[in-house]
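Engineer: Dropping the structure in here first, questions after.
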Amino acid sequence: MSPQKLSSSVKRETFLGFQPPAVGDEEVAAVAEAIRSGWLTTGPKAAELEQRFAEYVGAKHALAVSSGTAAMHLALVALGVGPGDEVITTPITWPATANVIVHTGATPIFADVRDIDLNIDPARAAELVTPRTKAIMPVHLYGQPADLEPIHALGLPVVEDAAHAAESEYRGRKVGGLSDATCFSLYATKSIAAGEGGIVTTNDDELAESIRALTIMRRGHGSLYDIAVPGYKANLSDVLASIALCQLDKVERHRALRLRQVELYDAAVAELDGIDPVARDSRDLHAHHLYPVRVSAEAGETRDAYRQALAEENIGTSVHFLPVHQLIAYRERFPDQPPLPVAEQAGAELLSLPLSPAHSEADIEDAIEALRRVHASFTAA
Ligand SMILES: Cc1ncc(COP(=O)(O)O)c(C=O)c1O
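Just so we're aligned: 804 in the numbering used here is position 180 of the sequence shown, and the numbers increase by one with no gaps anywhere.
Laid out in structure tokens, this is it:
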């Protein structure tokens, strides 16, 4: 046995975090500069982020806000979504996508996902449209764009959840200027990580103005003030915007590092029965925000058993996502959902492996070796 093989056949000594942020001296220096400038709240750095992000995604407007959740909520409110309305979304997402619908007073309607990529199935969404449907919220899951063409064809306002999709392209066009509003997250694990924060992009001048009015509550009239709408405190501070600007500089380089990690995983899981990556569409540019696999019966044990065994191997994993309609808040308050068998099956099988530009190839090899060992022990006759 080669020394390399020998060294990789033992448990990793330190815990491999699932998705640590890739930040360094540039971010530290930028934060120090922001603090020294005296702009702790929204100021020139937030404005610069808005301008540069709009250019990056090719949208007319980008508005920096306090979270991806706030971005989605503000977009829905600005589109006039409210009590009595329905908004169609996917059950395979972080609960925030559905929570913001509830926050407006509207009812979330979950359309089942496609088995192939676990993005919202446009055919299922079309069946659920009623006179009360006010908007559709597709999610670009893991960075694979949802199939927007048939969704746009429904003729309803579309708010994209692009929390995973800062770099994505749908059929050759960058995600960010394709629908009424597109909402990005700057959360600590995201491709452009500020710790917390979000950005909403749109090509619609009026919508941008409405979102701005809802976000910033200061409107000067001489030395006094006035407000046109009772808005939300959802602006982004310059301290966080300055981190996001550094991350924007690195976004394509970081994606290339993750892509290499994806290649290593793809080659490895091809050899493991019952461990299957989620499909990607070669017509689109995938952001590779996460590396999820589906753990099916041939893998010999459940997803949860794999997660536990990998943790014992010092390998951190996560689950993206448990179906939202099965979470307590939704199953109790919105029990009358259409059947969602594809989402429910996926929700029991999904496991995300460590992926981050902060990880080295040796880290990913450790995760792969641990997965091989666990698989071998779970499938031993
Ligand atoms: C798919 C998806 N949507 C929305 C969000 C919410 O973003 P934020 O945490 O910035 O509010 C997340 C964040 O984890 C997410 O993964």
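Built from N, CA and C at the ideal position, the CB exists for glycine as well. Please read all numbers here as calculations on a predicted model, not as lab measurements.
Which residues share a DSSP beta bridge with residue 916?
Structural biologist: 976, per the DSSP bridge assignment.
Engineer: Compute the distance between the beta-carbons of residue 966 and residue 737, then report whether it is under 7 Å.
Structural biologist: Their beta carbons are under 7 Å apart, which means residue 966 touches residue 737 by this criterion.
Engineer: Looking at residue 647 and ligand 1, is the gap between the Cβ and the nearest heavy atom below 6 Å?
Structural biologist: No, since every heavy atom of ligand 1 falls outside the 6 Å radius drawn around the Cβ of residue 647.
Engineer: In three-state DSSP terms, what is residue 581?
Structural biologist: Past the boundaries of the shown model lies residue 581; the chain is included only from 625 to 1005, so the question cannot be answered.
Engineer: Closer than 6 Å from C-beta to any heavy atom of ligand 1: which residues, in chain order?
Structural biologist: For ligand 1, the selected residues are 691, 692, 693, 717, 718, 720, 721, 763, 785, 787, 788, 809, 811 and 822.
Engineer: Give the DSSP-derived three-state secondary structure of residue 945 in the structure shown.
Structural biologist: Residue 945 falls in the coil class under three-state DSSP.
Engineer: Could you tell me the alpha carbon to alpha carbon distance between residue 883 and residue 646, rounded to whole angstroms?
Structural biologist: Looking at the two C-alpha atoms, the distance is approximately 15 Å.
Engineer: Using CA atoms only, rank isn't needed, just tell me which of 973, 949 and 886 is closest to residue 923.
Structural biologist: The shortest Cα separation from residue 923 among 973, 949 and 886 belongs to 973.
Engineer: What is the residue span of the alpha helix (DSSP H) that residue 990 lies within?
Structural biologist: Segment 985-1003, the alpha helix (DSSP H) holding residue 990.
Engineer: At 3 residues or longer, what runs of the beta strand (DSSP E) sit wholly inside the segment 789-865?
Structural biologist: The segment 789-865 contains these whole beta strand (DSSP E) runs: 805-809 and 822-826.
Engineer: Helix or strand or just coil, what does DSSP make of residue 674?
Structural biologist: Here residue 674 sits in helix by DSSP.
Engineer: May I ask you to report which of helix, strand or coil DSSP gives residue 878?
Structural biologist: The answer is helix: DSSP assigns residue 878 an H, G or I state.
Engineer: Rounded to whole angstroms, what is the Cα-Cα separation between residue 963 and residue 733?
Structural biologist: Between residue 963 and residue 733, the C-alpha separation is close to 11 Å.
Engineer: Using DSSP bridges, identify the partner residues of residue 744.
Structural biologist: 737, per the DSSP bridge assignment.
Engineer: On the CB-based measure, 16 or more other CB atoms within 10 Å of its CB, does residue 917 come out buried or exposed?
Structural biologist: That one is buried.
Engineer: Can you check DSSP and say which residues form a bridge with residue 689?
Structural biologist: Per DSSP, 822 and 859.
Engineer: Would DSSP call residue 724 helix, strand or coil?
Structural biologist: The answer is helix: DSSP assigns residue 724 an H, G or I state.
Engineer: Inspect the beta-carbon positions of residue 768 and residue 904 and report whether they are closer than 7 Å.
Structural biologist: Result yes, Cβ atoms of residue 768 and residue 904 sit closer than 7 Å.
Engineer: Within 10 angstroms of its Cβ, does residue 971 collect 16 or more other Cβ (buried), or is it exposed?
Structural biologist: The residue in question, residue 971, is buried, as its Cβ has 16 or more Cβ neighbours within 10 Å.
Engineer: Quick check: the Cα distance between residue 641 and residue 940, rounded to an integer number of angstroms?
Structural biologist: Going by the C-alpha atoms only, they are around 5 Å apart.
Engineer: Using the rule of at least 16 other Cβ atoms within 10 Å of the residue's Cβ for burial, across every protein chain shown, is residue 707 buried or exposed?
Structural biologist: Residue 707 is exposed by the Cβ-count criterion.
Engineer: Between the beta-carbon of residue 728 and the beta-carbon of residue 763, is there less than 7 Å?
Structural biologist: Result no, Cβ atoms of residue 728 and residue 763 do not sit closer than 7 Å.
Engineer: What are the residues that DSSP puts in a beta bridge with residue 731?
Structural biologist: 710, per the DSSP bridge assignment.
Engineer: For residue 832 and residue 637, I'd like the C-alpha separation in whole angstroms.
Structural biologist: Answer to the nearest angstrom: the Cα atoms are 50 Å apart.
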